[in-house]
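Structure record follows, encoded as structure tokens.
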Amino acid sequence: MSYKFGFVTIVGKPNVGKSTLMNQLIGQKISITSHRPQTTRHRILGIHTDDDKQIVFVDTPGIHSVAKKSNRKTINKVINKTAIASIDGVDVICFMITASGWTEADKHVLKALENVSLPIVLIINKIDKLKSINDVLPLIAESNKLADFADIVPVSAVGRVKGGNIEALMDVITSRLPVAEAGFDEDQITDRSFRFLVSELVREQLFRRLGDELPYATAVEISQFELMDGKAQISADIWVEKDSHKAMVIGKRGEALKAIGTSARKNCESLLERKVFLELFVKVRSGWSDNARDLYSLGYDEGI
Ligand SMILES: Nc1nc2c(ncn2[C@@H]2O[C@H](COP(=O)(O)OP(=O)(O)OP(=O)(O)O)[C@@H](O)[C@H]2O)c(=O)[nH]1
Ligand SMILES: [Mg+2]
Numbered sequence: 003m004s005y006k007f008g009f010v011t012i013v014g015k016p017n018v019g020k021s022t023l024m025n026q027l028i029g030q031k032i033s034i035t036s037h038r039p040q041t042t043r044h045r046i047l048g049i050h051t052d053d054d055k056q057i058v059f060v061d062t063p064g065i066h067s068v069a070k071k072s073n074r075k076t077i078n079k080v081i082n083k084t085a086i087a088s089i090d091g092v093d094v095i096c097f098m099i100t101a102s103g104w105t106e107a108d109k110h111v112l113k114a115l116e117n118v119s120l121p122i123v124l125i126i127n128k129i130d131k132l133k134s135i136n137d138v139l140p141l142i143a144e145s146n147k148l149a150d151f152a153d154i155v156p157v158s159a160v161g162r163v164k165g166g167n168i169e170a171l172m173d174v175i176t177s178r179l180p181v182a183e184a185g186f187d188e189d190q191i192t193d194r195s196f197r198f199l200v201s202e203l204v205r206e207q208l209f210r211r212l213g214d215e216l217p218y219a220t221a222v223e224i225s226q227f228e229l230m231d232g233k234a235q236i237s238a239d240i241w242v243e244k245d246s247h248k249a250m251v252i253g254k255r256g257e258a259l260k261a262i263g264t265s266a267r268k269n270c271e272s273l274l275e276r277k278v279f280l281e282l283f284v285k286v287r288s289g290w291s292d293n294a295r296d297l298y299s300l301g302y303d304e305g306i
């Protein structure tokens, strides 16, 4: 049989489960996830390799409407650009919605894909939330009327439905890929460095543990990263915009920061497969999320 190799981007509005699906497809956590919209801020590759194919998945930040007042900051425009630019040069687009049905935000993403001539596979995620699997049928019929999708695949990215249909999705995608030799080493699972992945694991805890708008006004920068035999010494700066935010990240008697550090350290240990010493510092840099120069220095360089 001929080997297949290609790029597949996963797009959709925020919070539909794109990063969860990518981790499931790769079989390893490389992209952070949370219950909050706009968790993913950077494009990240996840590479699946087996005997007959290599698929490079591109996880992207959720595409949102910049018209909304709360989204007008520079960082949100940069994030949208990153997601839309990710379509360039791929073989298949996976467009994700959820089983709860089409929303205006989903239709906004569909519109962004209007003039794209690539096959678009519609993924209907979170089918585990349906009372009966048959409840997805009307949504499939409605979707067929909205656009000419190459395929429509209902899935449960968290794998709560038996099988979750992930294998079926893999097969649908593979059938659309060109015959070509693998482009990456078989043991490479992402294009990102451990250093980057660690900064994301810290950011993930900020998204999971801090309330309200606070996570959106934070960024993480690794200041020390030393991998040694059997252990790692890592320091990270958590950037916030105001002193009051700093107090909230640290929490009463430092409890919030401690909890963030403990969870992030555990995840770092399973990623790096060694003991990790993680030190976190909270620092104030006002207006970083609205300043292109600050964004560049914090790693948001793709869309500027
Ligand atoms: N019940 C259920 N929850 C899911 C499923 N897939 C993802 N989730 C949850 O949905 C939330 C969002 O998941 P993410 O993977 O972070 O979503 P995303 O589309 O990457 O979000 P952004 O990066 O913000 O655009 C998380 O709380 C996930 O646990 C699923 O199949 N079923
Ligand atoms: Mg994501």
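The sequence shown begins at 3 in my numbering and counts up by one.
From the three backbone atoms N, C-alpha and C, an ideal C-beta is built for every residue, glycine too.
Reduced DSSP category for T84 - H, G, I as helix; E, B as strand; rest coil: helix
Classify E106: buried if its beta carbon has 16 or more other beta carbons within 10 angstroms, exposed otherwise. exposed
With H, G and I counted as helix, E and B as strand and the rest as coil, what does DSSP make of A294? helix
Straight-line Cα distance separating K254 from V10: 44 Å
Quick check on P180: buried or exposed, where buried means 16 or more other Cβ atoms within 10 Å of its Cβ? exposed
Quick one: is A249 buried, meaning 16 or more other Cβ sit within 10 Å of its Cβ, or exposed? exposed
Does ligand 1 have even one heavy atom less than 8 Å from the beta-carbon of Q226? no
Can you tell me whether F7 is helix, strand or coil according to DSSP? strand
For the candidate residues N146, L273, D137 and K133, whose alpha-carbon lies nearest to that of I122? N146
Of the residues L280, I57 and A143, which one's Cα is nearest the Cα of A182? I57
Close-in-space but distant-in-sequence residues of the same chain around F227 (CB under 6 Å, 5 per side omitted): R197 and I236
Among the residues of its own chain, which have a CB less than 6 Å from the CB of G305, if the five just before and after it don't count? Reliability of the predicted coordinates at G305 is poor, the pLDDT of 44 falling under 50, and no value is obtained from them.
Starting from A234, trace the beta strand (DSSP E) both ways and give me its first and last residue. K233 to V242
For the segment 185-196 and the segment 40-52, state whether three or more C-beta atom pairs, one from each stretch, are separated by less than 8 Å. yes
Is the beta carbon of I175 closer than 9 Å to that of V94? yes
Between which two residues does the beta strand (DSSP E) holding S225 run? A221 to M230
Skipping 5 residues on each side, what residues in its chain have a beta carbon closer than 6 Å to that of E243? A219 and S288
Straight-line Cα distance separating Q40 from K128: 18 Å
Taking a cut-off of 7 Å, which residues have a beta-carbon closer than that to any heavy atom of ligand 2, in chain order? K20, S21, S33, T35, T41, T42, D61, P63 and G64
Within 10 angstroms of the Cβ of D108, are there 16 or more other Cβ atoms? Answer buried if so, exposed if not. buried
To the nearest whole angstrom, what separates the beta carbons of V111 and K20, a pair I think is in contact under 8 Å? With a Cβ gap of about 11 Å, V111 and K20 do not count as contacting.
Out of H44, I252 and I65, which one is the CA nearest neighbour of Y302? H44
Given K91 as reference, the closest of N78, V118, K75 and A114 once Cα atoms are compared: A small fix is needed here, since residue 91 is Gly in this sequence, not Lys. The residue with the shortest Cα to Cα distance from G91 is V118.
A48 in three-state terms, based on DSSP: For the record, residue 48 in the displayed sequence is Gly; it is not Ala. It is a strand residue.
Going by beta carbon distance, what residues of the same chain come within less than 6 Å of D239, once the five residues before and after it are set aside? E223, S225, F283 and K285
Quickly, what does DSSP pair K285 with across the bridge? List them, please. W241
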